[in-house]
């Protein structure tokens, strides 16, 4: 009888360990899910750094716009295709 209990508990413990390891590796909060979250975190950090770089460029452009009349004229000529009186404009394809 004692031997039967020992065998039963040993078997139960082994089955429980197998289930634990399976859910630890493949469960919703398991190792694979954590690896996916780490990869997603890396992608988001990359996007965040790109966005910060874009913000710095835009802040520099705004600062140049406020303090430089040359920059305002450059933007007007390049993007708005404006010209002063008497300027000759050449379009290149």
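Numbering (the numbering used here), first residue to last: -2 to 90. Don't be surprised by glycine CBs; every beta carbon is placed ideally from N, CA and C.
Work out the CA separation of residue j and residue i for me, nearest whole Å.
| i | j | result |
| --- | --- | --- |
| residue 5 | residue 12 | 11 Å |
| residue 49 | residue 63 | 21 Å |
| residue 8 | residue 18 | 15 Å |
| residue 36 | residue 20 | 21 Å |
Where do the ends of the alpha helix (DSSP H) carrying residue i lie?
| i | result |
| --- | --- |
| residue 74 | 66 to 75 |
| residue 86 | Looking at the DSSP string, residue 86 is not in any alpha helix (DSSP H), and its letter there is neither H nor E. |
| residue 8 | -1 to 23 |
Could you round the C-beta distance between residue i and residue j to whole angstroms and report it? I think they count as a contact, below 8 Å.
| i | j | result |
| --- | --- | --- |
| residue 29 | residue 23 | 6 Å |
Using alpha carbons as the reference points, say which of the options lies closest to residue i.
| i | options | result |
| --- | --- | --- |
| residue 72 | 83, 82 and 59 | 59 |
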